[in-house]
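One structure is given below, encoded as structure tokens.
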Amino acid sequence: MEFGLTDEQAALQRVAREFVSDVAPPKQAKEWDEQGVFPAELAHGFAELGWYALPFPESWGGGGGPIELAILAEELGRSSLDVAMTYIGTLIPSLTIFEWGSESQRKALRARLDSGEFRYAVSMSEPDSGSDSASLRTSAKDMGDHYLVNGQKMWCTGAGVPGTQLVMYVRTSVHERRHSGISLLLIDPRTEGLELRQTSTLARHILGTYEVYLQDVVVPKDRLIGPEGEGWKVMLSNLETERVLMSGAYVGVAQATLDDMLSYAQDRKQFGRPIGNFQALAHALADLQTEIDAARLLAHRAAWMLSKGLPCAREGAMAKLKGSETYVQAARLGMQVMAGHGFATESVMSYRWRESIVAPISGGTSQIQRNGIARSMGLKPY
Ligand SMILES: Cc1cc2nc3c(=O)[nH]c(=O)nc-3n(C[C@H](O)[C@H](O)[C@H](O)COP(=O)(O)OP(=O)(O)OC[C@H]3O[C@@H](n4cnc5c(N)ncnc54)[C@H](O)[C@@H]3O)c2cc1C
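In UniProt numbering, the protein residues as written are 1 to 382.
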């Protein structure tokens, strides 16, 4: 059993930590969130450091795997979940295009990986299709050389950021098995008939979340990714990688949240001593560090299994569940430790608290993760 990092992994961790501290410290992330600004320098930085290419073959400038992705995501998470998502939200669709795309789609992807000028936004959810994503109804009718797309999507993260292409799951045919007949299309949000409307939310304003309205939107056939009707399989193909990345990010942001409240608890004095020396708080902080370490170990186990090509749907779900819930727990405790100073909206802790709430919701709710874990135990949790 090996728990340490290789020299290369330690170097990646160091560079990523420096990047966050120089370019995207938490205070800066909070400012971007408050202003609803997508900072182009983030995406350019990711590209310059070769991180968009990281999980691809060495001939593409990559050579890293799931463990390196978990390490990087944890460091980006130290800034904020939203900042980590600026990386993860584009990387996952890139991997999907690499695996399922046509030769020309892969060529276009390859040409973009070195620039920070491209982005993807995954669009699956609809007003009536959330956890039950196979119930999606947005339709793409075959018109010969193109599809005609009609419907409505919701919660499309980052759809309004300039240079973003929508990676949209649509229904190309209706079957008894709802998971059949779904297809994946790459859609330019500037196409006629498509309208974006930003949803007002508690946090995640760096990327923004959008409703997408589609009325007779013409999408050329060469924008289909993977086989027609097999979009469900395409979607599942990178689910574990997504969970490893997300879990890494949750661990990073939970650790940063703990580090902040710890230093506050050591500085702030009441009744003549640092508040961290009151056993009630000291034990709460000790418990939280234990939870974060458990979340990190789960994330690293899933990453390790993925790197070995082992099935890890259950372990990925556990890592996602534990990481996201630990972030909520950390932010909640941080508000109590910082008390009035946390409640002031100028505090980074108040930003953490707003942002943490979405962790057990987006990317599959905690209940859905528990369903998957329970199923892997032979239970039928419906
Ligand atoms: C900030 C944000 C960003 C997002 N980004 C994206 C994105 O980029 N692309 C995208 O496609 N989607 C995105 N989503 C959508 C996200 O994936 C959904 O919100 C999530 O899957 C839950 O769907 P829902 O909100 O419709 O809740 P519902 O599915 O309506 O669930 C409501 C409640 O019922 C519970 N529930 C539902 N089914 C079961 C069940 N079988 N067993 C037990 N409990 C159940 C849920 O856990 C939840 O507590 C985003 C959402 C948010 C809030």
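Built from N, CA and C at the ideal position, the CB exists for glycine as well.
Bridge-paired residues (DSSP) for residue i
i, result
"V244", "According to DSSP, which records beta bridges pairwise, V244 is partnered with nothing at all."
"S129", "E126"
"H175", "Paired residues: none, contrary to the question."
"N150", "S139"
"S183", "V170"
"L194", "L214"
"Y120", "Q165"
"residue 385", "Nothing about residue 385 can be read from this structure; the chain reaches only from 1 to 382."
Pick from the options that is closest to residue i, judged by C-alpha positions
i, options, result
"E75", "L194, D22, R178 and G309", "D22"
"V328", "E192, A11, N371 and L288", "L288"
"R197", "Q255, K153, S79 and L306", "K153"
"S123", "G61, P189 and E103", "P189"
"R171", "G144, S133, W155 and A203", "S133"
"E41", "W60, E291, I206 and G378", "I206"
"G309", "P66, G36, V15 and E192", "P66"
"R268", "E346, V15 and A339", "A339"
"S347", "Y382, M261, S324 and M318", "M261"
"H175", "Y210, L136, F56 and D293", "L136"
"Y210", "A256, N277, L258 and S125", "S125"
"A284", "M235, M335 and P57", "M335"
"R243", "F38, E18, M85 and F19", "M85"
"I92", "A344, S263, M235 and A282", "M235"
"A43", "A24, Q35, P57 and T199", "A24"
"T241", "G208, I225, S94 and R177", "S94"
Short Cβ contact (7 Å threshold) for residue i with residue j
i, j, result
"G160", "A47", "no"
"Y120", "V219", "no"
"S356", "L321", "no"
"V253", "G89", "no"
"Q9", "I71", "yes"
"W100", "I182", "no"
"G316", "A302", "yes"
"S79", "P26", "yes"
"L81", "A249", "yes"
"N150", "L109", "no"
"L185", "M168", "yes"
"L245", "L69", "yes"
"G163", "F98", "no"
"R354", "L258", "no"
"A319", "S247", "yes"
C-alpha distance - residue i paired with residue j, whole-angstrom precision
i, j, result
"A359", "S131", "14 Å"
"G363", "L239", "10 Å"
"Y87", "S237", "19 Å"
"I368", "I361", "9 Å"
"T326", "R332", "10 Å"
"V337", "L297", "26 Å"
"V251", "A295", "6 Å"
"H179", "V212", "22 Å"
"A140", "R112", "27 Å"
"M305", "S173", "35 Å"
"residue 465", "R223", "Outside the shown range of the chain, which is 1 to 382, sits residue 465, and nothing can be said about it."
"K380", "N371", "8 Å"
"R106", "V37", "30 Å"
"S350", "E34", "12 Å"
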